[in-house]
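Let me begin by presenting the structure, written as structure tokens, before commenting on it.
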Amino acid sequence: METTNNKLTSYQNVFFNNLSNFLDTKLYFFGSVQRFDYFPNSSDIDVTIFTENKNSTIIKLLHFLGMDRSNVREVVWNINHNTLIKGNKLKYKDIDHNLYIEFSIYNEKYKEIVLNDHNSKKTLPFYATFLLLILKFFYYKMKFLSKDVYIKSKRFILNTLVVTKRESQFVMV
30 METTNNKLTS YQNVFFNNLS NFLDTKLYFF GSVQRFDYFP NSSDIDVTIF TENKNSTIIK
90 LLHFLGMDRS NVREVVWNIN HNTLIKGNKL KYKDIDHNLY IEFSIYNEKY KEIVLNDHNS
150 KKTLPFYATF LLLILKFFYY KMKFLSKDVY IKSKRFILNT LVVTKRESQF VMV
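Per the numbering used here, the sequence shown runs over residues 30 to 202.
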């Protein structure tokens with residue numbers, strides 16, 4: 030997951046390579062950028078960063094992106110009702126280059142659990158992929174849906190219609 034299944038633009042490739050070098054760590058891609066329902070220049074790119082020192086990494090990331098600490102949100106992720114994972118989220122937009130990123134930052138000790146969860150959602154059933162493609166087409170291309178309807182519908186497809194062996198609950202703090 031250090032590479033993407035969908036091709037990124039040359040700008041995006043340079044951006045992520047520079048960021049990885051600046052942070053001196055690997056970036057792990059997940060979500061639609063790894064699946065067939067990715068819409069280039071529209072879908073956001075989900076990136077996970079694992080680190081031994083979250084605060085230091087967040088400060089470096091904010092410096093690289095030219096953002097301040099108020100953009101960072103704490104999250105708690107409950108997987109299978111028995112594993113609580115604390116992390117941070119940060120959304121970044123570069124509208125000029127159609128680059129939309131959601132960063133997730135976790136302690137290195139959660140790496141195996143988080144990557145296993147990401148991998149479990151890499152291949153979706155045909156019906157879910159089909160529904161996501163239709164949903165994203167109406168949202169990104171036709172501008173037919175509100176952001177709220179899009180997000181709720183996407184969550185319903187991914188969290189209710191897609192049955193996985195893992196149960197997870199995500200809470201923004």
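Every residue, glycine too, gets a C-beta built ideally from N, C-alpha and C. Note that this is a predicted model, so its numbers are computed, not measured.
Other residues of its chain near Lys122: CB distance less than 6 Å, five sequence neighbours each side excluded | Taking the sequence shown and counting its residues from 1, the one referred to as residue 122 is at position 93. Tyr129.
Inter-stretch contact (C-beta, 8 Å, three-pair minimum) for the stretch 56-63 and the stretch 87-101 = no
Among Thr54, Ser149, Asn148, Ile142, which residue has its Cα nearest to the Cα of Leu113?
-> For the purposes of this step, residue 113 is taken as the residue at position 84 of the sequence shown. Out of Thr54, Ser149, Asn148, Ile142, Ile142 has the C-alpha closest to the C-alpha of Leu113.
Look up Glu131 in the DSSP assignment and say whether it is helix, strand or coil.
-> Taking the first residue of the sequence shown as position 1, residue 131 is located at position 102. Note: Glu131 maps to strand in three-state DSSP.
Look up Glu81 in the DSSP assignment and say whether it is helix, strand or coil.
-> Position 52 of the sequence shown, counted from the start, is the residue given in the question as residue 81. Here Glu81 sits in coil by DSSP.
Can you tell me the Cα-Cα spacing of Thr185 and Lys150, whole angstroms?
-> In the sequence shown, residue 185 corresponds to position 156, counting from 1. In the sequence shown, residue 150 corresponds to position 121, counting from 1. Per the sequence presented here, residue 185 reads as Phe, with Thr not at that position. Roughly 14 Å separates the two Cα atoms.
By how many angstroms is the C-alpha of Asn111 removed from the C-alpha of Asp75?
-> Here the question's residue 75 lines up with position 46 in the sequence shown. Here the question's residue 111 lines up with position 82 in the sequence shown. Their Cα atoms are separated by approximately 25 Å.
Note down the Cα distance separating Asp146 from Lys165, rounded to an integer number of angstroms.
-> The count along the sequence shown starts at 1 and reaches residue 146 at position 117. The count along the sequence shown starts at 1 and reaches residue 165 at position 136. Spanning the two alpha carbons is a distance of roughly 23 Å.
Compute the Euclidean distance between the alpha carbons of Asp125 and Phe93, then round it to the nearest angstrom.
-> Numbered from 1 along the sequence shown, position 96 holds the residue referred to as residue 125. Numbered from 1 along the sequence shown, position 64 holds the residue referred to as residue 93. So the alpha carbons of these two residues sit roughly 17 Å apart.
For Phe51, which residues of its own chain have a beta-carbon under 6 Å away from its beta-carbon, when the five flanking residues on both sides are left out?
-> Within the sequence shown, numbered from 1, the residue matching residue 51 stands at position 22. Excluding residues within five positions, the ones whose Cβ falls inside 6 Å are Phe93.
Counting only runs that start and end within the stretch 42-94, where is the alpha helix (DSSP H) found for 4 or more residues in a row?
-> 83-94
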